[in-house]
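Numbers in the working numbering are just positions in the sequence shown, counted from 1, shifted up by 357. Every residue, glycine too, gets a C-beta built ideally from N, C-alpha and C. The structure under discussion appears below in the form of structure tokens.
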Amino acid sequence: MPEDIDLRICWAIPGSHIAAQASALIAGEWPDVPIVASLLKSSDTGVRALPHVRVLLRDGAVIGSVAILEDDMGSDGGVRNPWLGCLVVATPFRGLGLAPLLVVDALAIFDSWASDGEIWLFCAPALVSFYVRFGFKSVDLTHFEGSRQVVMERI
């Protein structure tokens, strides 16, 4: 990871706020929403609350995110829980290995909480191979918010 990029835990941000920022980042524009310094904590706080959001910062600006969420699809009544979501890296910083870094970091946090737990995610079919290398396997195909998604599980 480049030295000028910092990985931090950022919690107590409402899940919908992070999801909205992640969606905007996917579209290529991170909204001009300042991350309040009081929400940024060191990465060793041990906080086990959901949502648990990790952000990448460069010069104080958020350039990427990943989260462990209680229920990312909102449609299965909590049967599948928790979820890995909001994995986004700003366009100018893609290709630097930051997305895998965020996934590995989030999974390490999750594993420290629940050594025998499962975690879920959903993604576009084109991204399945990206997640397979982290131990996820495809378990379902669904439509979510108008697009085809693969539901994946890691045990």
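Proximity to residue i [Cα-Cα], best of the options
| i | options | result |
| --- | --- | --- |
| Val514 | Ala463, Phe450, Asp416 | Only positions 358 to 512 of the chain appear in this structure, which leaves residue 514 out of reach. |
| Arg437 | Glu360, Val508, Ile362, Ser504 | Val508 |
| Leu441 | Gly503, Thr448, Leu407, Ser486 | Leu407 |
| Ile425 | Pro457, Val419, Trp477, Leu453 | Trp477 |
| Cys443 | Ile362, Pro482, Ala483, Val410 | Val410 |
| Phe479 | Glu360, Ala471, Asp497 | Asp497 |
| Ile466 | Gly421, Arg415, Gly417, Pro439 | Pro439 |
| Ser504 | Pro482, Tyr488, Gly417 | Pro482 |
| Val489 | Asp468, Thr499, Val461, Gly474 | Val461 |
| Gly417 | Thr499, Asp361, Gly474, Glu427 | Asp361 |
Reduced DSSP secondary structure (H/G/I, E/B, other) of residue i
| i | result |
| --- | --- |
| Asp468 | helix |
| Ala447 | coil |
| Leu426 | strand |
| Leu334 | Any question about residue 334 goes unanswered here, given that the chain covers just 358 to 512. |
| Leu459 | helix |
| Gly421 | strand |
| Glu360 | coil |
| Glu510 | strand |
Nonlocal neighbours in the same chain, by C-beta distance under 7 angstroms from residue i, ignoring five residues either side
| i | result |
| --- | --- |
| Ser495 | Val485, Val507, Met509 |
| Ala456 | Leu444, Val446 |
Contacts around residue i, its chain only, beta-carbon distance under 6 angstroms, and the 5 residues preceding and following it disregarded
| i | result |
| --- | --- |
| Arg511 | Ile476, Gly492, Phe493 |
| Ile420 | Leu413, Ala447, Phe450 |
Paired residues, beta bridge with residue i - DSSP
| i | result |
| --- | --- |
| Leu441 | Ile425 |
Contact test: residue i Cβ vs the ligand ADP heavy atom, cutoff 8 angstroms
| i | result |
| --- | --- |
| Ile476 | No copy of the ligand ADP occurs in the structure displayed, which carries no ligand at all. |
Contacts around residue i, its chain only, beta-carbon distance under 8 angstroms, and the 5 residues preceding and following it disregarded
| i | result |
| --- | --- |
| Leu459 | Leu364, Arg411, Leu413, Gly421, Ser422, Val423, Leu444, Val446 |
Scan the stretch 476-500 and note each continuous beta strand (DSSP E) run of 3 residues or more that stays entirely inside, going in chain order. Listed in chain order, they are 476-480.
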